[in-house]
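Using full-length UniProt numbering, the first residue of the sequence shown is number 1, and each one after it goes up by one.
We treat Cβ as the ideally placed atom computed from N, Cα and C, and that holds for glycine.
As structure tokens, the structure follows; a few thoughts come after it.
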Amino acid sequence: MQVEGVYEIREWSMVQYLKKVKEMMARFDKWQIHEIPREENERADALSKFGAAIAGIKERKVAVFIKEVPTIEEVVNMVEEDRSWKFPYT
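Set out below in structure tokens:
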């Protein structure tokens with residue numbers, strides 16, 4: 001984890017977040033950090049990226065809609081039948 005120094009931070013914005021986290025951690029006598037796997041944290045990950053992306057447009061209102069169904073449906077066992085050169089055209 002970045003907070004514990006295991007991973008290097010390359011993005012400037014993340015360096016600033018780490019600085020803020022360490023400032024906040026210094027206020028506590030004890031603290032624990034639990035890593036949440038990415039697949040269990042998709043919504044928080046998306047919100048953090050969204051927040052970072054709109055940092056420069058605070059004066060505008062932005063509506064956020066959460067889609068409950070995927071935009072692209074998953075296709076399973078799709079079979080396309082092409083004409084083969086072995087069979088005559090009819």
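In the structure shown, PHE50 adopts helical secondary structure according to DSSP, grouped into three states. ALA46 and PRO37 have their C-alpha atoms spaced approximately 14 Å apart. In the displayed model, ALA26 falls within coil according to three-state DSSP, outside both helix and strand.
When rounded, the separation of the alpha-carbon atoms in GLN16 and ARG10 is 11 Å. Distances from the CA of VAL64 to each of ARG43, MET24, ALA26 were compared; the closest alpha carbon is that of ARG43.
For the 8 Å CB-CB criterion, SER13 and ALA52 form a contact. Take the alpha-carbon of SER48 and the one of ASN41: they are about 11 Å apart.
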